[in-house]
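Quick note: the working numbering has the sequence shown finishing at residue 119, numbered continuously throughout.
Beta carbons are placed, not taken as given, at the ideal position from N, Cα and C, and that holds for glycine.
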Amino acid sequence: MRTKIKRGDTVEVISGRDKGTRGEVLKVLSTEAHVVIKGVNIRKKHQRQVQSAGRTVNPGIIQYEAPVDISHVMLVCPKCGEPTRVGIQREEGRSQRVCKNCQNIIDA
Numbered sequence: 012m013r014t015k016i017k018r019g020d021t022v023e024v025i026s027g028r029d030k031g032t033r034g035e036v037l038k039v040l041s042t043e044a045h046v047v048i049k050g051v052n053i054r055k056k057h058q059r060q061v062q063s064a065g066r067t068v069n070p071g072i073i074q075y076e077a078p079v080d081i082s083h084v085m086l087v088c089p090k091c092g093e094p095t096r097v098g099i100q101r102e103e104g105r106s107q108r109v110c111k112n113c114q115n116i117i118d119a
């Protein structure tokens with residue numbers, strides 16, 4: 012599945028526990044249709060001390076960003092600053108992402 016959200020984009024969560032939160036996309040998992048967003052969907056993992064390959068992993072409670080379904084986020088337009096749907100505009104063999112609100116080209 013081809014996604015219209017890329018790594019480094021600013022997105023806003025539109026549903027769920029973190030609704031209204033904005034953050035930067037750290038990773039796009041296109042096969043599962045999920046994105047990892049900085050500071051959103053924080054989970055805690057209780058890590059026990061493990062020794063493998065001569066290294067030890069420190070024990071304790073680790074916080075990490077869990078993936079969010081891509082249908083629960085919207086891209087924030089860099090020009091108008093609003094969450095928007097994304098369109099694709101093709102010209103001269105290139106495709107560019109376009110904001111549906113202000114018709115601004117997102118890929119500069």
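C-beta contact flag for residue i and residue j at 9 angstroms
i	j	result
Gly27	His83	yes
Asp29	Val51	yes
Lys15	Ile116	no
His57	Ile73	yes
Lys55	Glu76	no
Arg105	Val97	no
Supposed close pair residue i, residue j - CB separation, criterion 8 angstroms
i	j	result
Pro78	Met85	Contact flag wrong, Cβ pair sits at about 16 angstroms.
Val36	Arg13	The Cβ separation is near 15 angstroms, so there is no contact.
Gln62	Asn69	With 8 angstroms as the limit, Gln62 and Asn69 do not qualify as a contact, their Cβ atoms being about 11 angstroms apart.
Reference residue i; option with closest CA among the options
i	options	result
Thr21	Lys90, Glu102 and Asn112	Lys90
Ile25	Gly65, Lys55 and Val87	Val87
Chain C contact for residue i (CB, 9 angstroms cutoff)
i	result
Lys55	The displayed structure is made up of one protein chain only, and chain C is not part of it.
C-alpha gap between residue i and residue j, whole angstroms
i	j	result
Thr42	Gly65	33 angstroms
Spatial neighbours of residue i in its chain, beta-carbon cut-off 7 angstroms, leaving aside the 5 residues before and after
i	result
Gly92	none
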